[in-house]
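Numbering (my numbering), first residue to last: 11 to 180.
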């Protein structure tokens, strides 16, 4: 009498394949589609963070111009070029950040199927970005009004803090 314990070959992915086929039949692939939307939404969200950060670089670059140039006189040309670039495209990069944040919210809402706590926090950040954008548009036409610049900066700072809390709670 012999006992054959190795009559069935087990492959590591056998169970996963069976479960995956079962899941596909039961859910028509919805889970995989939602995961793709969520990944796209996260990617758009990080694009928002990058564009917000890039748009905000104009503030420290302008503030530090004199001290940077006196400390590193050989880098003066590069520093001024970067500052001019940031100044020239600040508005367009800010608009891109706003559009990306709206797109991020829409994709994540469709991915999740509901508006949860971090989504509401994100909406608060977008609303502040929109208001700051309105002040920024008025500021573009009236550059000498210091209160507009201060209001724009404060609103963007608050929006950034809300966006950071949105990221931490996600």
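Just so you know, even glycine gets a beta-carbon here, dropped at the ideal spot from N, CA and C. Remember, it's a predicted structure, so these values are computed and weren't measured experimentally.
- For residue 76, the enclosing alpha helix (DSSP H) stretches over residues 75-81.
- By the C-beta criterion, the segment 42-61 is judged not to be in contact with the segment 84-93, since fewer than 3 inter-stretch pairs fall below 8 Å.
- Sequence-distant partners of residue 172 (beyond 5 residues in either direction) whose C-beta falls short of 7 Å from its own C-beta, in its chain, are 131, 134, 135 and 138.
- Counting only runs of at least 4 residues, the segment 84-151 fully encloses the following alpha helix (DSSP H) elements, listed from N- to C-terminal order: 86-122 and 127-151.
- Under the three-state reduction of DSSP output, residue 180 falls in the coil class, being neither helix nor strand.
- Around the beta carbon of residue 145, 16 or more other beta carbons sit within 10 angstroms, so the residue counts as buried.
- Taking the Cα positions, residue 142 is about 8 Å away from residue 161.
- Within 10 angstroms of the beta-carbon of residue 62 lie 16 or more other beta-carbons, which makes it buried.
- Going by beta carbons, residue 65 and residue 116 fall outside the 7 Å limit.
- For residue 173, the three-state secondary structure derived from DSSP is helix.
- Restricting attention to 129, 75, 122 and 153, the CA atom closest to the CA of residue 177 is found in 129.
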